[in-house]
Every structure is written in C-alpha cells, then in structure tokens.
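J.: Dropping the structure in here first, questions after.
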C-alpha cells in the first residue's frame, strides 16, 4: 500500500532528520507526486527502484503504448525512456543490475545512464509521460524476481530483519 508522506512526516515531527534517500518504485505509471513534493524542501533525494518489474509484458497497455511511441520517435528502447525520464526528473536511478545471459547484460548496459546519453526528452515529452500516472501499485505486474508467493507472504518474512 502507498502510505504517502505520513511516515516521512512522522520522522520529522519526532525530531529525527528526514531521510537522505527515499527509494520507491517510481515510473510515469506511478509518480508518487506527494512524496516528490514533500522530499524537495526536506533535502531528500528520490531513488527509482525495481525497473525490472516495469519491463513485464503485463501492465497498463495504454500507458505502455505512449512510452513505445515515444521510444520509437527517439530511436530508443522503452526502458531507456523510463531511465531518461527518471534522470531528467533529478531522481537517482538504479536499473536492474544483474543478469545471467550476455544479451541481458547488454540490455542493462544500454538502459543505464550512459546508454541513454544520446537523446533528451523535451519538456513536451516529459509532460506527456507525466500524464501516464495511474498510481500503479508495486507488484501489480506479478513479477517476483525469483521469489515464490510463499517466500514473500509467510509470517517469517520480514524485510526489516534482512541482513
């Protein structure tokens, strides 16, 4: 569930510093605008995470069609459009970083910061991407990145105790 800025504000209200980095599954499909607006005056950087989940074939077809059309216009991959969108927003961006095959490693390199350098998204492009926000929840695409449902739903699984 998306809790918005409530937990962030609770930290500040308790006299604790605002987080230096707030890691979210950010994309044009879920911009977390409330968190982005809150983060700026508090000096918190936003970090995009879990790009691999956004590359699933299942997802918001209408929104993906807009990204695909923009990618075709720019001569780029859809993933590169997402990475460039994040970078031009000023977000820290961590595309998927590991893969087993040479082809997957090549795709990661091409969709990294340096792989996206040859093109720029115009203000109109950015505005178009910003209209795609449908508050897509994390995990909605059904990608578990190697975990099974029982791995992530069992009572023993608690991300706060991971080492």
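Numbering (the working numbering), first residue to last: 1203 to 1365. Backbone N, C-alpha and C define an ideal beta-carbon position, used for all residues, glycine too. Quick caveat: nothing in here was measured; it's all calculated off a predicted structure.
(1) Tell me whether residue 1271 sits in a helix, a strand or coil according to DSSP, three-state version.
(2) For residue 1243, does the count of other Cβ atoms within 10 angstroms reach 16, so buried, or fall short, so exposed?
(3) Which one of 1217, 1219, 1316, 1240 has the shortest CA to CA distance from residue 1205?
(4) Given residue 1295, which residues of its chain have a CB within under 6 Å of its CB, disregarding the five upstream and five downstream residues?
(5) From 1319, 1273, 1304, pick the residue whose C-alpha is nearest to that of residue 1331; which is it?
(6) For residue 1247, which residues of its own chain have a beta-carbon under 6 Å away from its beta-carbon, when the five flanking residues on both sides are left out?
T.: By the coordinates alone:
(1) By one-based count along the chain shown, residue 1271 stands at place 69. Reduced to three states, the DSSP call for residue 1271 is helix.
(2) Here residue 1243 is taken as the residue at index 41 of the chain shown, counted from 1. Exposed: under 16 other Cβ atoms inside 10 Å.
(3) Taking the chain shown and counting its residues from 1, the one referred to as residue 1205 is at position 3. For residue 1205, the closest C-alpha among the options 1217, 1219, 1316, 1240 is that of 1240.
(4) As a working mapping, residue 1295 is identified with position 93 in the chain shown. Excluding positions up to five away in sequence, the list reads 1250, 1285, 1288, 1289.
(5) Reading the chain shown from its first residue, position 129 is the one you call residue 1331. Nearest of 1319, 1273, 1304 to residue 1331, Cα basis: 1273.
(6) Within the chain shown, the letter at position 45 stands for residue 1247. Excluding residues within five positions, the ones whose Cβ falls inside 6 Å are 1223, 1294.
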